[in-house]
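Enquirer:
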Amino acid sequence: MSVEIPNPPETVHVVIPQQQWADVRMRLDAANARLAQLNLAMELGVETANLSRFMALAMAVCNFLAVRFKARRVSLGIVRGRYVHVMAMNQTEKILRKMQLVRDIEEAMEECFDQDADILFPSPTAGNFITRCVSKLISAHGTGTAMLLPLRRDENAGVLLLEFEPGHPVTSEELAPLRTAMDFLTPRIMDLYEHDRWFGARYLRDWRKHLAKLLGPTHTWIKAAAILISAFLAWAFFAQGVFRIIAPFTLEPVRQAQIVAPFDGYIKTVLVRPGDSIIAHKTILAQLHTAKLRDQLASAQARYDAYAKQADVARSQDKIADMQIADDSMNAALAKIQLLKRQLKQAAITSPISGVVLTGNLLRRIGAPVRLGDVLFQVAPIKPLLARINVQDGDILYVHAGQKGSLATASYPADKIHLKVIRIDPLAMVRHKQNIFRVRALLGNPPVWFRPGMQGTARINAGKRRYIWIWTRGLVNWIRMKLWL
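4 is the number of the first residue of the sequence shown in my numbering; add one for each residue after it.
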């Protein structure tokens, strides 16, 4: 069996233009630079992977960078408030902040932090960075060049400083890998720094974050509403206002008389109507029929005369018993006569007080019978008037004699009349399925149009209380009653 082997391909020579070769070299150099950056970050990450405390991590970073970059001194600072504090330095176990070297390093770090930019000193190119503090550090402590990098993560921040021997050049090619490595490691450094702080500092940090959210520029309307609500609640809990008992009232006269029928009879004439003014014991309100009374009076007078003759006859005959019987009958007849005369006088009905007729429209009842004690008229003076306030039993505890307030009638709600509590009835009454106490209040300068029977709303000033107590008192009492607290 024979196999045919094809002829080998001929060598092909490709000619790459010089410009393309320069582009390839440029891309290759960029890839190598990125690889170097990642290589440094990986090495630094592996070197510090097993460290779980901030100081150990900071010392490891400083020592590693000092060896890798052949730096004379590597320092790591953390921003506290407005200043940078040196936390770690290579080959240094304890840092004394009173040392001039530490102070100069912190000033240089603060200068870098304020500018928030990577600084090379001396700068290989003309730059716009301020390096006064860095220059002071280099000249005062014998180093030649320096490299500073700000470290940032959220609100936390730090600065890394590398100092080199005189004659050691600092270039951007060295800065780029270091920048990448520190960006990779900064979150872990800041997390361990916050974790290792004492608990008080951690609590203050958390509160600062919450306050930053509360006072920051975002969510303006929500924060404005929260501030207004907080201010309102503070005012409600601490400010005091006048606590007022609100209850309905009815105007009533100080004195009132009920005119009743003096005897059983019939209405003859009615001379007044409700609203008429009368004078005590002079103005006749109504008259009752007296014909029957006059007949009874005549009969009683006749009996009296007859008993008087019988008494005279018995006296002349010395009949003592008959005389006494006749005298007793004569006295009974005399009492009847006096009663009938008094009733005849009372047939013209008058009032014991002056004032205005409140009730008693009897014009339609002329000729109608009345019985002894039937109320015919109600008379009361228009002034002065009292306000009868119906206070619920849950509020009567806060009402005392001498308290002041104001009232307004339903017909003229804009007119507020001052009042003063003068008396509280001790016995509760049931009105509309509620227990109420009647409170009498004297009015100050009532208007001329006030009339008995007018109603409205009264407000009694019961002292000062906190607004939150005034607004929630009813609800709290209801809950206490339901839950038996």
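Backbone N, C-alpha and C fix where the C-beta goes; we use that ideal spot for every residue, glycine too.
#1: Looking at C-alpha atoms only, which residue of F167, A44, N393 is the closest neighbour of V64?
#2: Taking all protein chains shown into account, decide if G456 is buried (16 or more other Cβ within 10 angstroms of its Cβ) or exposed.
#3: Return the Cβ separation of L446 and A390 in integer angstroms, given the expectation that the two are a contact with Cβ distance under 8 angstroms.
#4: Buried or exposed for S126, going by 16 or more other Cβ atoms inside 10 Å?
#5: Under 9 angstroms, do A3 and R468 count as touching if we go by C-beta distance?
#6: What residues in its chain sit with their C-beta under 7 angstroms from that of H292, if we drop five residues either side in the sequence?
#7: Ignore the nearest five residues each way along the sequence and tell me which others in L365's own chain have a CB closer than 7 angstroms to its CB.
#8: If we count Cβ pairs, one from each stretch, closer than 8 angstroms, do we get three or more for the segment 225–240 versus the segment 309–316?
#9: Starting from T148, follow its DSSP beta bridges and name the residues at the other end.
#10: Name the two residues that bound the continuous beta strand (DSSP E) containing S78.
#11: Going by C-alpha distance, which of L218, R191, F266, R56 is nearest V373?
#12: For F124, name the three-state secondary structure that DSSP assigns.
#13: Considering only C-alpha positions, which residue in the set P450, H284, I439 is nearest to K419?
#14: Below 9 angstroms between beta carbons: does that hold for T146 and R75?
#15: Within 10 angstroms of the Cβ of R483, are there 16 or more other Cβ atoms? Answer buried if so, exposed if not.
#16: For A413, I'd like the list of residues in its chain whose CB is within less than 7 angstroms of its CB, leaving aside the five on either flank, ordered along the chain.
#17: Can you tell which of I108, I352, T134 has the C-alpha that lies nearest to the C-alpha of A120?
#18: Let me know the secondary structure DSSP gives S280 once reduced to three states.
#19: With DSSP collapsed to three states, give me the class of Q320.
#20: Cα separation between P429 and T475?
#21: Given a cut-off of 9 angstroms, decide if A61 and M90 are closer than it, judged by their beta-carbon atoms.
#22: State yes or no: is the C-beta of C115 within less than 9 angstroms of the C-beta of P172?
#23: Where do the N-terminal and C-terminal ends of the alpha helix (DSSP H) with M102 fall, by residue?
#24: My output table needs one value for P290: the three-state DSSP class, helix, strand or coil.
#25: Measuring straight from C-alpha to C-alpha, what distance separates D377 and L400?
#26: The alpha helix (DSSP H) spanning Y196 covers which residue range?
#27: Starting from T460, trace the beta strand (DSSP E) in both directions and tell me its first and last residue.
#28: Who are the near neighbours of T286 in its chain, counting only those whose CB is closer than 6 angstroms to its CB and skipping five residues on each side?
#29: Would you call the CB atoms of P256 and A461 closer than 9 angstroms?
#30: Among residues of its own chain, excluding the 5 on either side of M4, which ones have a beta-carbon nearer than 8 angstroms to its beta-carbon?
#31: Starting from A260 and walking both ways along the beta strand (DSSP E), at which residues does that stretch end?
#32: Confirm the yes/no value for this check: CB of L164, any heavy atom of the ligand COA, distance under 8 angstroms.
#33: Report the rounded CA-to-CA distance for S280 versus L296, giving the unit in angstroms.
#34: Put N448 into one of helix, strand or coil per three-state DSSP.
#35: Measuring only the C-alpha atoms, how far is L188 from A69?
#36: First and last residue of the alpha helix (DSSP H) that includes I425?
Expert: Let me lay it out:
#1: Counting from one through the sequence shown, the residue named residue 64 turns up at place 61. In this structure, A44 is the residue among F167, A44, N393 with its C-alpha nearest to the C-alpha of V64.
#2: Working through the sequence shown from its first residue, we reach residue 456 at position 453. Under a 10 Å Cβ-count criterion, G456 is classified as exposed, with fewer than 16 other Cβ atoms of the shown protein chains found around its own Cβ.
#3: What you label residue 446 is simply residue 443 of the sequence shown in a count that begins at 1. What you label residue 390 is simply residue 387 of the sequence shown in a count that begins at 1. Their Cβ separation, rounded to whole angstroms, is 6 angstroms, which keeps L446 and A390 in contact under 8 angstroms.
#4: Walking along the sequence shown from the start, residue 126 turns up at place 123. S126 is exposed by the Cβ-count criterion.
#5: No answer is possible for residue 3: it lies beyond the span of the chain, which begins at 4 and ends at 488.
#6: Residue numbering aside, residue 292 sits at position 289 when the sequence shown is read from its first letter. Only G268, Y269, K271 meet the Cβ criterion.
#7: As a working mapping, residue 365 is identified with position 362 in the sequence shown. Closer than 7 angstroms at the Cβ level, and outside the excluded window around L365, lie I270, V273, A289, L379.
#8: Verdict: no, contact absent.
#9: Counting from 1 along the sequence shown, the entry for residue 148 is found at position 145. Answer is F167, bridged to T148.
#10: Here residue 78 refers to the residue found at position 75 when the sequence shown is read from its first residue. Its beta strand (DSSP E) spans residues 76–83.
#11: Walking along the sequence shown from the start, residue 373 turns up at place 370. Comparing Cα-Cα distances from V373 to each of L218, R191, F266, R56, the minimum goes to F266.
#12: Looking up residue 124 in the sequence shown gives position 121. When secondary structure is reduced to three states using DSSP, F124 falls in the strand class.
#13: The residue given as residue 419 occupies position 416 in the sequence shown. When only C-alpha atoms are compared, the closest one is P450.
#14: Numbered from its first residue, the sequence shown carries residue 146 at position 143. Numbered from its first residue, the sequence shown carries residue 75 at position 72. Cβ atoms of T146 and R75: closer than 9 angstroms.
#15: Within the sequence shown, numbered from 1, the residue matching residue 483 stands at position 480. By the beta-carbon neighbour count (other beta carbons within 10 angstroms, threshold 16), R483 is exposed.
#16: Counting from 1 along the sequence shown, the entry for residue 413 is found at position 410. Here A413 has Q458, G459 as same chain residues with Cβ atoms under 7 angstroms from its own Cβ, once five neighbours each way along the sequence are excluded.
#17: Numbered from 1 along the sequence shown, position 117 holds the residue referred to as residue 120. Among I108, I352, T134, the Cα nearest to that of A120 is on T134.
#18: Counting from one through the sequence shown, the residue named residue 280 turns up at place 277. Strand, per DSSP.
#19: Taking the first residue of the sequence shown as 1, we reach residue 320 at position 317. Reduced to three states, the DSSP call for Q320 is coil.
#20: Indexing the sequence shown from 1 puts residue 429 at position 426. Indexing the sequence shown from 1 puts residue 475 at position 472. Rounded to the nearest whole angstrom, the C-alpha separation of P429 and T475 is 27 angstroms.
#21: Sequence index remark: in the sequence shown, residue 90 carries index 87 (1-based). Sequence index remark: in the sequence shown, residue 61 carries index 58 (1-based). In this structure, M90 sits near A61, with a CB-CB distance shorter than 9 angstroms.
#22: Here residue 115 corresponds to residue number 112 of the sequence shown, with the count starting at 1. Here residue 172 corresponds to residue number 169 of the sequence shown, with the count starting at 1. Result no, Cβ atoms of C115 and P172 do not sit closer than 9 angstroms.
#23: Numbered from its first residue, the sequence shown carries residue 102 at position 99. Per DSSP, M102 is not a residue of any alpha helix (DSSP H), being assigned neither H nor E.
#24: For the purposes of this step, residue 290 is identified with residue 287 of the sequence shown, where counting begins at 1. This sequence places Gln at residue 290; Pro is not what is there. It is a strand residue.
#25: As a first step, residue 377 must be located in the sequence shown, where it is residue number 374. As a first step, residue 400 must be located in the sequence shown, where it is residue number 397. C-alpha separation (whole angstroms): 40 angstroms.
#26: Taking the first residue of the sequence shown as 1, we reach residue 196 at position 193. 175–199 is the span of the alpha helix (DSSP H), which, as asked, contains Y196.
#27: Here residue 460 refers to the residue found at position 457 of the sequence shown. Note, T460: beta strand (DSSP E), 458–469.
#28: In the sequence shown, residue 286 corresponds to position 283, counting from 1. So the list is empty, once near-sequence residues are dropped.
#29: Here the question's residue 256 lines up with position 253 in the sequence shown. Here the question's residue 461 lines up with position 458 in the sequence shown. With a cutoff of 9 angstroms on beta-carbon distance, P256 and A461 are scored as not near each other.
#30: The sequence position of residue 4 within the sequence shown is 1, counting from 1. With a pLDDT of only 44 at M4, under 50, the local geometry of the prediction cannot be trusted, and the value read off the model is given with reservation. Within the same chain, no Cβ atom closer than 8 angstroms to the Cβ of M4 is found once the five residues on either side in sequence are excluded.
#31: Counting from 1 along the sequence shown, the entry for residue 260 is found at position 257. If you look at A260, you'll find it in the beta strand (DSSP E) that goes 260–263.
#32: Among the components of this structure there are no ligands whatsoever, and the ligand COA is therefore not found.
#33: Numbered from its first residue, the sequence shown carries residue 280 at position 277. Numbered from its first residue, the sequence shown carries residue 296 at position 293. Cα-Cα distance, rounded: 30 angstroms.
#34: Start at 1 with the first residue of the sequence shown, and residue 448 comes out as number 445. DSSP places N448 in coil when its eight states are reduced to three.
#35: Position 185 of the sequence shown holds residue 188. Position 66 of the sequence shown holds residue 69. In this structure, the straight-line span from the alpha carbon of L188 to that of A69 is close to 16 angstroms.
#36: Position 422 of the sequence shown, counted from the first residue, corresponds to residue 425. Unbroken run through I425 is the beta strand (DSSP E), 420–427; no alpha helix (DSSP H).
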